[in-house]
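Chains A and B, in that order, are what the protein sequence lines are.
Quick note on numbering: the numbering used here labels position 122 of the first sequence as 553, and the sequence is numbered without any gaps.
Quick note on numbering: the numbering used here labels position 77 of the second sequence as 163, and the sequence is numbered without any gaps.
Backbone N, C-alpha and C define an ideal beta-carbon position, used for all residues, glycine too.
Here the structure is a predicted model, which means the values were calculated and not measured.
A short write-up of the structure that comes next.
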Amino acid sequence: VRHLTTWPPLSALNDPPFNAVVPGKAGPSRPPSKTIGSLRLHFHLPCAIRFEGSLASAMVRNELKHHLSDMHDRIVADGCPVITVDVQMLQFVDSSAIRLFVDWISRATYKYKIVFLIDPGTTWQRLSFSVLQSMAPDSVEVREMERNSGAKDGST
Amino acid sequence: VIAAVPAAPSFDRSWQLARGTDVLAAMKREVDLHGQFCHAACREATAMAAWELAENVIKYGLDDGLGSVGRVSIALSASGAFIRTTNGANAEGSPVDAISAIDRITSAVSVAALYRQRFRELLGDLDHARTKLGLLRVTFEAGFQLSHRYDAPELEISARRECSKPR
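Okay, structure coming up:
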């Protein structure tokens, strides 16, 4: 597992060793990932990120806040119109952590869309992200996912 | 012959709260580990609600001079959950905010509307210093009913919900 000290530019994710399949070489490479305390971030192509673990300590929040700010700048710089954020495996967050998502959405407005992939069986995800979608429908889309499968029919 | 009736499984613990410790993570681990008899949605809701309430104590509770800022207790059974926090509080400080917030929530026609309103406020203003979502999460997301008692200098906040079926 590769731990990054800074976020790579999104365009760099298309290059080895960050891309899922290295041309001319057998087998996929691992996508880059980063661990911040109890939180694990996985970067996927082309503009996607997956959160795993829990997000409920000041240290993790502070570090993530900087990363999200950094990532926002890179998304804008790279002209990425949509970023997919998979939070299905983000099991626990406190209210201050939800604030990070709110702030991210505020900054993304009119610049790019954030598509959250949620586990509808996790109450906090279902309730908080649906409210965020209703507040900022142009900036936020929520897709309810079946665990380890695609989106539910018609659920956006 | 009188058959022994096995006691219903339950969980009843309390923690001293102090700043700069990982007591909240320890509390959540215990609920996750020892609350397995309770259905997952209620167990997760209890862990979240207890976390939010205890975090408020850690943020705003008065230090007793020995490093403790308050206490949280959790009683969990298959049929219900009860959380209580106690902490010292200056009359002009945190109890006013906490009590008015709880009164506003408990008297609201729709907690969902308050929850949405708070998100709207946060989305519209990145400079909000305080999130003020914790008590709304406890009621709207976790399904607890809140109550308070202030007997200076002690502030007690209680939260309870049924756990017999998922929300």
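- Leucine 162 of chain B sits close to glycine 121 of chain B, with the two beta carbons spaced by under 8 Å.
- Neighbours of phenylalanine 226 of chain B in chain A, taken as residues at a C-beta separation under 8 Å, are given in chain order as Leu558.
- Isoleucine 536 of chain A sits away from valine 573 of chain A, with the two beta carbons spaced by 8 Å or more.
- Distances from the CA of leucine 212 of chain B to each of A:Tyr543, A:Thr554 and A:Ile529 were compared; the closest alpha carbon is that of A:Ile529.
- At a Cβ-Cβ threshold of 8 Å, alanine 238 of chain B and alanine 177 of chain B count as neighbours.
- Counting the other CB atoms within 10 Å of its CB gives valine 158 of chain B a total of 16 or more, which places it among the buried residues.
- Leaving aside the five residues that flank proline 95 of chain B on each side, the residues in its chain whose CB is nearer than 6 Å to its CB run, in chain order, Phe123.
- Scanning its chain for C-beta atoms nearer than 8 Å, with the 5 sequence neighbours on each side dropped, one finds around arginine 471 of chain A the residues Ser464, Lys465, Phe482, Glu483 and Gly484, in chain order.
- In terms of Cβ geometry, valine 507 of chain A and tyrosine 201 of chain B do not form a close pair [threshold 8 Å].
- A distance below 8 Å separates the beta carbons of aspartate 525 of chain A and glutamate 141 of chain B.
- Under the Cβ criterion of 8 Å, methionine 134 of chain B is counted among the residues facing chain A.
- Collapsing the DSSP output to three states places histidine 497 of chain A in a helix.
- Shown here is that no member of the region 151-176 of chain B has a Cβ falling below 8 Å from a Cβ of chain A.
- Glycine 156 of chain B has its alpha-carbon roughly 45 Å from the corresponding atom of valine 513 of chain A.
- One finds nothing in chain B with a Cβ atom closer than 9 Å to the Cβ of arginine 471 of chain A; even the nearest lies about 16 Å away.
- Per DSSP, the continuous alpha helix (DSSP H) segment holding phenylalanine 532 of chain A begins and ends at 526-539.
- Rounded to the nearest whole angstrom, the CA to CA distance from cysteine 249 of chain B to aspartate 504 of chain A is 44 Å.
- Ranked by Cα distance from isoleucine 467 of chain A, the first of A:Leu495, A:Gly552, A:Val571 and A:Arg538 is A:Leu495.
- Remark: C-beta atoms of histidine 234 of chain B and isoleucine 191 of chain B do not approach each other more closely than 8 Å.
- Under the three-state reduction of DSSP output, arginine 471 of chain A falls in the strand class.
- For glutamate 240 of chain B, same chain residues with a beta-carbon under 8 Å away, outside a window of 5 residues either side, are Thr172, Asn173, Gly174 and Ala175 in chain order.
- Look at threonine 217 of chain B: its C-beta is under 8 Å from a C-beta on chain A.
- Residues of chain B whose Cβ lies closer than 7 Å to the Cβ of aspartate 569 of chain A do not exist, since the nearest Cβ in that chain is about 12 Å away.
- Under a criterion of Cβ atoms nearer than 8 Å, the residues of chain A adjacent to tyrosine 201 of chain B are, in order, Leu558 and Val562.
- CA-CA distance, glycine 151 of chain B to glutamate 242 of chain B, rounds to 19 Å.
- In chain order, Leu212 make up the part of chain B whose C-beta sits under 7 Å from the C-beta of aspartate 534 of chain A.
- Taken through DSSP and simplified to helix, strand or coil, arginine 216 of chain B comes out as coil.
- Using a Cβ-Cβ distance cut-off of 8 Å, the region 194-210 of chain B and the region 100-120 of chain B are not in contact, since fewer than three pairs of beta carbons, one from each stretch, lie closer than that value.
- About 14 Å separates the beta carbons of leucine 232 of chain B and leucine 219 of chain B, which is beyond the 8 Å limit, so they are not a contact pair.
- Selection A:His473, A:Ser488, A:Ser469 and A:Ala479 evaluated against arginine 105 of chain B yields A:Ser488 as nearest (Cα-Cα).
- DSSP places histidine 120 of chain B outside any beta strand (DSSP E); the residue lies instead in the alpha helix (DSSP H), whose first and last residues are 109-120.
- Contact annotation for alanine 127 of chain B against chain A: Thr554 [CB-CB distance below 7 Å, chain order].
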